[in-house]
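Here's the structure, in structure tokens; my notes come after.
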Amino acid sequence: MAERPLNKEEIILGEKEHPYRKRRIGAFVFLLISIVFVSLYSVITGSVKLNLQEVWEGITGTKDSMLHTIVWDLRLPRTIVGIIVGMCLAVSGTIMQGVMKNPLADPGIIGVSSGAALMAVIITILLPKYILLLPIAAFIGGFLTAMLIYALAWQGGASVERIILVGVAVNAVIGASMSAIMLLYSDRVQAVLPWMAGVIGSATMDQAKLLLTYGIPALILSLFAIKHIRILHLGDDVAKLLGHHVERSRFFLIVVSTLLAGIAVSVSGLIGFIGLVIPHILRMIVGNDDRFVLPLSALGGGMFLVLADTIARSWFDPIELPVGLLLSFLGGPFFLYILHKRGKMRAFS
Numbered sequence: 017m018a019e020r021p022l023n024k025e026e027i028i029l030g031e032k033e034h035p036y037r038k039r040r041i042g043a044f045v046f047l048l049i050s051i052v053f054v055s056l057y058s059v060i061t062g063s064v065k066l067n068l069q070e071v072w073e074g075i076t077g078t079k080d081s082m083l084h085t086i087v088w089d090l091r092l093p094r095t096i097v098g099i100i101v102g103m104c105l106a107v108s109g110t111i112m113q114g115v116m117k118n119p120l121a122d123p124g125i126i127g128v129s130s131g132a133a134l135m136a137v138i139i140t141i142l143l144p145k146y147i148l149l150l151p152i153a154a155f156i157g158g159f160l161t162a163m164l165i166y167a168l169a170w171q172g173g174a175s176v177e178r179i180i181l182v183g184v185a186v187n188a189v190i191g192a193s194m195s196a197i198m199l200l201y202s203d204r205v206q207a208v209l210p211w212m213a214g215v216i217g218s219a220t221m222d223q224a225k226l227l228l229t230y231g232i233p234a235l236i237l238s239l240f241a242i243k244h245i246r247i248l249h250l251g252d253d254v255a256k257l258l259g260h261h262v263e264r265s266r267f268f269l270i271v272v273s274t275l276l277a278g279i280a281v282s283v284s285g286l287i288g289f290i291g292l293v294i295p296h297i298l299r300m301i302v303g304n305d306d307r308f309v310l311p312l313s314a315l316g317g318g319m320f321l322v323l324a325d326t327i328a329r330s331w332f333d334p335i336e337l338p339v340g341l342l343l344s345f346l347g348g349p350f351f352l353y354i355l356h357k358r359g360k361m362r363a364f365s
């Protein structure tokens, strides 16, 4: 029987990438097992240490028992929120790196973090009676900021360079606005500081269930971004030759990345570097094919954030560090490492 002829995209993209096949399978198995074990570790670890039987009793037991309170009301929601937030941030970063064709890109470039933070500051400091709307307001702020940056960058098309430059300018204005508000109302700043440091410790089971209802569909939607990323990797001219609308693809990817990052930020506050570090590490292990990098980033992001949060709340007892603060300590040196590595590569090129 004659083999099926390759279509025009397969001719350019390649039907299969084989050198990393074993690594990809190994990475998937490792991350899948790791996320299960890290989640269990998160639930059993704390000021009151539990065994697996006590965890099961806490889930299935009566609502007025201490075990049920510890497991169902405190630790399990925190673990679920950590997994979904980590997944959303890592996938958002993967998509943004694909759009910008730059391993140093993350959701902050398109203003999600700064826009969400500004809305959080406004709600917490200026409109405290609407504090229950903070997650929704943060998401809207991030999304509107990203769309504003995209609109301002449009000049017959939104090039990567213009998006980055406009993003830097808009983020600077938003940062100045936040500083002005916090300076003018310095007596109310304490209320917003934990959110800006990145925390998931206050998560409730209702929040976890709500996050699952819109976080999982958003992650599923991100799978449709893979084809668009792979096409953009070819360059605008080649993508247009293949019959693709480059601006439409780029806009779709930015919307999906913004949606994922906005969902995460609205629940956890400002948690950085997951969208930068996780995709970058995985690209070094499994190659640059986003068909594999994107789903593996979801597993890696969820596992890494839960692990970091567990360390932040248990290793520094009696102090509980905000997980965003811990990740900044870890992510900063890694970011410098990436810059150093890219600089050496350019020096020898």
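Numbering (the numbering used here), first residue to last: 17 to 365.
Beta carbons: idealized from backbone N, C-alpha and C, even for Gly.
No experiment lies behind these values; they were computed from the predicted model shown.
Would you call the segment 241-250 in contact with the segment 203-223, where contact means no fewer than 3 C-beta pairs closer than 8 Å? no
Proximity of G102 and G278 at Cβ, strictly below 8 Å: As a first step, residue 102 is located in the sequence shown; it is residue number 86 there, counting from the start. As a first step, residue 278 is located in the sequence shown; it is residue number 262 there, counting from the start. Going by C-beta atoms, G102 is not nearer than 8 Å to G278.
Report yes if the CB atom of V97 is closer than 8 Å to the CB atom of V59, and no otherwise. Walking along the sequence shown from the start, residue 97 turns up at place 81. Walking along the sequence shown from the start, residue 59 turns up at place 43. No; because the gap between Cβ atoms is not below 8 Å, this pair is not in contact.
State the Cα-Cα distance for the pair P233 and S193, rounded to the nearest angstrom. The residue labelled residue 233 in the question sits at position 217 within the sequence shown. The residue labelled residue 193 in the question sits at position 177 within the sequence shown. Rounded to whole angstroms, P233 to S193 spans 33 Å at the Cα level.
Under the rule that 16 or more other beta-carbon atoms within 10 Å means buried, what is F364, buried or exposed? To locate residue 364, count along the sequence shown from 1; it is residue 348. Note on F364: pLDDT 38, under 50, position unreliable in the model; the coordinate value appears next. Exposed.
On the premise that R39 lies in contact with I301, defined as a C-beta separation below 8 Å, what is that separation, rounded to the nearest angstrom? As a first step, residue 301 must be located in the sequence shown, where it is residue number 285. As a first step, residue 39 must be located in the sequence shown, where it is residue number 23. Going by Cβ atoms, the distance from I301 to R39 rounds to 6 Å, so yes, they are a contact pair.
If you draw a straight line from the C-alpha of P35 to the C-alpha of L150, how long is it? Locating residue 35 in the sequence shown gives position 19, counting from the first residue. Locating residue 150 in the sequence shown gives position 134, counting from the first residue. Their backbone Cα atoms lie some 47 Å apart in a straight line.
Under a Cβ-count criterion, where at least 16 other Cβ atoms within 10 Å of its own Cβ denotes burial, should F308 be classed as buried or exposed? Counted from its first residue, the sequence shown places residue 308 at position 292. With 16 or more other Cβ atoms within 10 Å, it is buried.
Assuming contact is defined by CB atoms lying nearer than 8 Å, are V215 and P334 in contact in what I supplied? In the sequence shown, residue 215 corresponds to position 199, counting from 1. In the sequence shown, residue 334 corresponds to position 318, counting from 1. Their beta carbons are not under 8 Å apart, which means V215 does not touch P334 by this criterion.
Could you spell out the range, first to last residue, of the alpha helix (DSSP H) harbouring W211? Position 195 of the sequence shown holds residue 211. W211 -> alpha helix (DSSP H) spans L209 to A213.
Short Cβ contact (8 Å threshold) for I294 with G109: Taking the sequence shown and counting its residues from 1, one reaches residue 294 at position 278. Taking the sequence shown and counting its residues from 1, one reaches residue 109 at position 93. The answer is yes: Cβ separation under 8 Å.
Closest by C-alpha distance to N187, when choosing among W170, L160 and A213: Your numbering for residue 187 matches position 171 in the sequence shown. Minimum Cα distance to N187 is reached at L160.
In whole angstroms, what is the alpha-carbon distance linking N67 and G74? Residue numbering aside, residue 67 sits at position 51 when the sequence shown is read from its first letter. Residue numbering aside, residue 74 sits at position 58 when the sequence shown is read from its first letter. Rounded to the nearest angstrom, the two C-alpha atoms are 11 Å apart.
Look at the alpha carbon of S130 and the alpha carbon of G316, and state the distance between them as a whole number of angstroms. Working through the sequence shown from its first residue, we reach residue 130 at position 114. Working through the sequence shown from its first residue, we reach residue 316 at position 300. Spanning the two alpha carbons is a distance of roughly 25 Å.
Entirely within the segment 128-216 and at least 4 residues each: give me those alpha helix (DSSP H) ranges in chain order. 128-137, 150-168, 176-200 and 209-213
Comparing alpha-carbon positions, which option in R94, I156, K65 and I139 lies nearest L276? What you label residue 276 is simply residue 260 of the sequence shown in a count that begins at 1. Selected option, being the one with the closest Cα: I156.
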